[in-house]
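Visitor: Before I ask anything, here is the structure I am working with.
There are 2 protein chains.
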Amino acid sequence: MTDDEMYRQGIVELLGVLAYGELSASQRLAEDAAMAPTLASRVELGRMARAEFAHLEALIAHLEGLGEDAYAVMEMFAPMVEKFQNRTRPRDWLEGLVKAYVGDGLAADFYREISAFLDEKTGALIQEVCAGTGHSDFVIEEVRRAVQADPRVAGRLALWGRRLMGEALSQAQRVVAERDALTGVLMGGGESSIDLAEVGRLFTRITEAHSGRMAALGLDA
Amino acid sequence: MTDDEMYRQGIVELLGVLAYGELSASQRLAEDAAMAPTLASRVELGRMARAEFAHLEALIAHLEGLGEDAYAVMEMFAPMVEKFQNRTRPRDWLEGLVKAYVGDGLAADFYREISAFLDEKTGALIQEVCAGTGHSDFVIEEVRRAVQADPRVAGRLALWGRRLMGEALSQAQRVVAERDALTGVLMGGGESSIDLAEVGRLFTRITEAHSGRMAALGLDA
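Chains X and F, in that order, give the protein sequences.
First residue of the first sequence: 1, per our numbering; consecutive thereafter.
First residue of the second sequence: 1, per our numbering; consecutive thereafter.
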């Protein structure tokens, strides 16, 4: 494989894992909506699911524009993403909300970071279509209210947030270990290259943003 | 209550039952998507769910435009709609597809019929936002292929279609029996009035359209 082919394959895999992640997130959110305590919050979760689905459509369209079979590419990442989902199945409404918020935020951070290392067109697409779902105020309010009503909830949800972060990192590591082309893109196959110190800083930025989100929810990171 | 108040209340209830129906349909479709045999068909079902959700948003916006608490109105119809959903829970992917197609078609027929009896603005909204989800070709293809591969499937799915229709009619009857204002709108509280002979013809048109859809799937009605 030439460097160009390797880069192209890396981009395809990156779009594929993001697309499968959005599909999975969208459908899990729709399932979690069944646990909503009120109709209004059930609709809000539906809105988050719909936003994830819109991201999915943009990623499928981009993959098809590259002449790829979007579904075949996505399929490669189904086992890893589903494993993450199964290991982080919310047991109640609040865990579902925290997962939606933390997952959405992590994904948006990751999109932003990664788009800097891609060619301009792919980077712009990813920044444009894969921002957060824009429903974080609703989650923050619901979680803060629940913690206020029963402070013991805070400890349990803080633990849950750490577990989500740990599982996300361990699945991300597996993707990097198994997918050379994708790793190549993340590590410098793109326009600008990334060194190990930069990986460390990226990791720091992502965990800091995660701590910020947990604090916004009124929880210890 | 004056006639005008009665009509307004009837419209509000009509929009409420439609809205709750769309929410419920959207989330059941998202759940059924987990049974999809391929990733492409899973995404297709997600598209149907997203279209139902867009209808829901339009109905909520209209209710709020009328100064109503959309969620409180929807809540009134939750038990009836969920009862229908629980009595018609698909056991497999094909039953889910037939339910999506038949339910979507019935809803679209009903919207079309009912909009003729409403004031112009409400009627136009309902016609505009509540058409079918436009994904019927996909369902027709999948069901026909399954029947071709195993003709015994046809008998089971034909029975299923009849059961869906029966449950839908019996729930619709309950709504009419329990909601005077809504019934008033359906029976002539609106711009033009409807007599019993017209109800009979409406019923005939809806069952004929249902038979046509079953035939399109390659199934006996």
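Every residue, glycine too, gets a C-beta built ideally from N, C-alpha and C.
Go ahead and pull the three-state DSSP assignment for L66 (chain X).
Guide: Within the first sequence, the letter at position 66 stands for residue 66 (chain X). DSSP places L66 (chain X) in coil when its eight states are reduced to three.
Visitor: Going along chain C, which residues have a C-beta under 8 Å from V43 (chain F)?
Guide: The chain inventory of the structure shown lacks chain C, comprising the protein chains X and F.
Visitor: How about M74 (chain X): is its C-beta nearer than 9 Å to some C-beta of chain F?
Guide: Stepping through the first sequence from its first residue, residue 74 (chain X) is reached at position 74. Yes, M74 (chain X) lies at the interface with chain F (some Cβ there is under 9 Å from its Cβ).
Visitor: CB-CB under 7 Å to L29 (chain X), same chain, minus the five flanking residues each way: which ones, in chain order?
Guide: For the purposes of this step, residue 29 (chain X) is identified with residue 29 of the first sequence, where counting begins at 1. These residues qualify, in order along the chain: L45, M48, A49, E52, A100.
Visitor: Under DSSP, the alpha helix (DSSP H) around R8 (chain F) begins and ends at which residues?
Guide: Position 8 of the second sequence, counted from the start, is the residue given in the question as residue 8 (chain F). Taken as a continuous stretch (DSSP letters only), the alpha helix (DSSP H) holding R8 (chain F) covers 3 to 32.
Visitor: Quick one: give me the first and last residue of the alpha helix (DSSP H) that M165 (chain F) is part of.
Guide: Position 165 of the second sequence, counted from the start, is the residue given in the question as residue 165 (chain F). It spans 152 to 178 - the alpha helix (DSSP H) in which M165 (chain F) sits, taken as one unbroken run.
Visitor: For G190 (chain F), would you say it is in contact with chain X, using Cβ-to-Cβ distances shorter than 9 Å as the test?
Guide: For the purposes of this step, residue 190 (chain F) is taken as the residue at position 190 of the second sequence. Caution is warranted here: a pLDDT of 49 is assigned to G190 (chain F), below 50, making its placement in the model unreliable, and no coordinate value can be reported.
Visitor: Give me the Cβ distance between A181 (chain X) and E68 (chain X), rounded to the nearest whole Å; I'm assuming they're in contact under 8 Å.
Guide: Locating residue 181 (chain X) in the first sequence gives position 181, counting from the first residue. Locating residue 68 (chain X) in the first sequence gives position 68, counting from the first residue. Going by Cβ atoms, the distance from A181 (chain X) to E68 (chain X) rounds to 13 Å, so no, they are not a contact pair.
Visitor: Is it a yes or a no for the region 109 to 129 of chain X touching the region 2 to 21 of chain X, going by three-plus beta-carbon pairs under 8 Å?
Guide: A contact exists between the region 109 to 129 of chain X and the region 2 to 21 of chain X.
Visitor: Between the C-alpha atoms of T90 (chain F) and F138 (chain F), what's the straight-line distance to the nearest angstrom?
Guide: Looking up residue 90 (chain F) in the second sequence gives position 90. Looking up residue 138 (chain F) in the second sequence gives position 138. Looking at the sequence itself, residue 90 (chain F) is Pro, so the reference to Thr does not match. Spanning the two alpha carbons is a distance of roughly 18 Å.
Visitor: G105 (chain X) lies in the alpha helix (DSSP H); which residues open and close that run?
Guide: For the purposes of this step, residue 105 (chain X) is taken as the residue at position 105 of the first sequence. Segment 93 to 115, the alpha helix (DSSP H) holding G105 (chain X).
Visitor: Report back the beta-carbon spacing between L106 (chain X) and E142 (chain X) to the nearest angstrom; my notes put them in contact at under 8 Å.
Guide: Position 106 of the first sequence holds residue 106 (chain X). Position 142 of the first sequence holds residue 142 (chain X). Going by Cβ atoms, the distance from L106 (chain X) to E142 (chain X) rounds to 19 Å, so no, they are not a contact pair.
Visitor: Are three or more beta carbon pairs between the region 30 to 45 of chain F and the region 202 to 216 of chain X nearer than 8 Å?
Guide: The region 30 to 45 of chain F vs the region 202 to 216 of chain X: no contact.
Visitor: So with Cβ pairs under 9 Å, would you call T38 (chain X) a contact of chain F?
Guide: The residue you call residue 38 (chain X) lines up with position 38 of the first sequence. Yes, T38 (chain X) counts as interfacial toward chain F.
Visitor: Between the Cα of A54 (chain F) and the Cα atoms of F:A25, F:L66, F:V73, which residue gives the shortest distance?
Guide: Numbered from its first residue, the second sequence carries residue 54 (chain F) at position 54. For A54 (chain F), the nearest C-alpha among the options comes from F:A25.
Visitor: In whole angstroms, give me the CA-to-CA distance for A168 (chain X) and F84 (chain X).
Guide: Counted from its first residue, the first sequence places residue 168 (chain X) at position 168. Counted from its first residue, the first sequence places residue 84 (chain X) at position 84. Distance between the alpha carbons of A168 (chain X) and F84 (chain X): 7 Å.
Visitor: Note down, in chain order, each residue of its chain lying with its Cβ closer than 6 Å to the Cβ of Q171 (chain F), except the 5 sequence neighbours on either side.
Guide: As a first step, residue 171 (chain F) is located in the second sequence; it is residue number 171 there, counting from the start. M80, F84.
Visitor: Does any CB atom of chain X fall closer than 9 Å to the CB of L53 (chain F)?
Guide: In the second sequence, counting from the first residue as 1, residue 53 (chain F) sits at position 53. Here residue 53 (chain F) turns out to be Phe, not Leu, going by the sequence shown. It does; some Cβ of chain X falls within 9 Å.
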